[in-house]
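Worksheet: the structure to be examined is printed underneath.
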């Protein structure tokens with residue numbers, strides 16, 4: 001999938017080393033936004049092979065519970081966007097999380113990638129709703145949902161364990177009815 005210079009594709013096993021190196025180079029940039037295990041332990045992202053993580057993400061894709069993407073800018077791998085909590089039945093929804101390398105930030109990559117992923121989820125997978133939860137301190141991510149015009153739905157207190165503590169998150173969502181023309185088309189008009 002493409003939107004201008006931004007591409008989005010499903011993660012491949014061959015991406016493991018590039019993702020590991022990118023995470024390692026961006027430790028200080030990403031640490032304050034990354035999920036941590038409440039009991040401690042676990043490897044710091046980028047410190048070990050990403051092959052087991054990519055295998056897990058691809059298993060979630062096969063099982064229909066997630067869709068792991070890499071973000072590309074002029075064909076360079078610059079980040080990752082993961083769709084999780086894919087639900088069918090009466091819910092028909094999913095959640096999106098993402099990270100982008102510091103050297104690529106501020107170029108409109110993440111809004112374009114989120115728009116592409118959302119359109120894929122709503123149009124191709126037939127879901128009804130997509131949600132993004134963001135720490136209130138993460139002004140860059142808050143700008144992403146603002147640019148895309150996602151609806152604010154409230155704060156989730158102590159929602160996800162991030163950087164060593166339970167952190168509040170602001171919840172934003174979009175439904176198929178909100179963007180009948182697609183989110184990428186809305187972004188192009190801005």
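In UniProt numbering, the protein residues as written are 1 to 190.
No residue lacks a Cβ here, since even glycine has one placed at the ideal position from N, Cα and C.
Please read all numbers here as calculations on a predicted model, not as lab measurements.
Quickly, what does DSSP pair residue 188 with across the bridge? List them, please.
Within the chain shown, numbered from 1, the residue matching residue 188 stands at position 188. Partner(s): none; residue 188 has no beta bridge.
Measure the C-alpha to C-alpha separation of residue 188 and residue 144 and round it to an integer number of angstroms.
Here residue 188 refers to the residue found at position 188 of the chain shown. Here residue 144 refers to the residue found at position 144 of the chain shown. Cα-Cα distance, rounded: 14 Å.
Put residue 177 into one of helix, strand or coil per three-state DSSP.
Taking the first residue of the chain shown as position 1, residue 177 is located at position 177. Correct three-state label for residue 177: helix.
Roughly how many angstroms lie between the CA atoms of residue 86 and residue 149, to the nearest whole one?
Within the chain shown, numbered from 1, the residue matching residue 86 stands at position 86. Within the chain shown, numbered from 1, the residue matching residue 149 stands at position 149. Each residue's alpha carbon lies about 22 Å from the other.
State the start and end residues of the unbroken alpha helix (DSSP H) segment that holds residue 114.
Residue numbering aside, residue 114 sits at position 114 when the chain shown is read from its first letter. 109-119 is the extent of the alpha helix (DSSP H) around residue 114.
Can you find at least 3 beta carbon pairs, one from the region 152-161 and one from the region 49-56, that sit closer than 8 Å?
no
Classify residue 95 as helix, strand or coil using the three-state DSSP reduction.
Within the chain shown, the letter at position 95 stands for residue 95. Of the three classes helix, strand and coil, the one that applies to residue 95 here is strand, per DSSP.
Can you tell which of 39, 185, 57, 33 has the C-alpha that lies nearest to the C-alpha of residue 15?
Within the chain shown, residue 15 is the residue found at index 15, counting from 1. Cα-wise, what sits closest to residue 15 is 57.
Just grab the DSSP bridge partners of residue 35 for me.
The residue you call residue 35 lines up with position 35 of the chain shown. Its beta-bridge partners are 162.
By Cβ distance below 7 Å, which residues in the same chain neighbour residue 128 in space, the five residues on each side in sequence not counted?
As a first step, residue 128 is located in the chain shown; it is residue number 128 there, counting from the start. 92, 93, 175, 176, listed in sequence order.
Assign residue 152 to one of two classes, buried (16 or more other C-beta atoms within 10 Å of its C-beta) or exposed (fewer than that).
Translated into the one-based positions of the chain shown, residue 152 becomes position 152. Exposed, since its Cβ has fewer than 16 Cβ neighbours within 10 Å.
Kindly indicate the opening and closing residues of the beta strand (DSSP E) around residue 68.
Numbered from 1 along the chain shown, position 68 holds the residue referred to as residue 68. Unbroken beta strand (DSSP E) run through residue 68: 67-73.
If I'm right that residue 183 touches residue 118 with Cβ under 8 Å, what's the distance once you round it to whole angstroms?
On the chain shown, residue 183 is found 183 positions in, with the first residue counted as 1. On the chain shown, residue 118 is found 118 positions in, with the first residue counted as 1. 5 Å between Cβ atoms; contact.
Does the separation of the CB atoms of residue 132 and residue 96 fall below 8 Å?
Start at 1 with the first residue of the chain shown, and residue 132 comes out as number 132. Start at 1 with the first residue of the chain shown, and residue 96 comes out as number 96. At a Cβ-Cβ threshold of 8 Å, residue 132 and residue 96 count as neighbours.
Distance between residue 89 and residue 32 (C-alpha atoms, nearest Å):
Start at 1 with the first residue of the chain shown, and residue 32 comes out as number 32. Start at 1 with the first residue of the chain shown, and residue 89 comes out as number 89. Near 35 Å, if we compare the C-alpha coordinates of residue 89 and residue 32.
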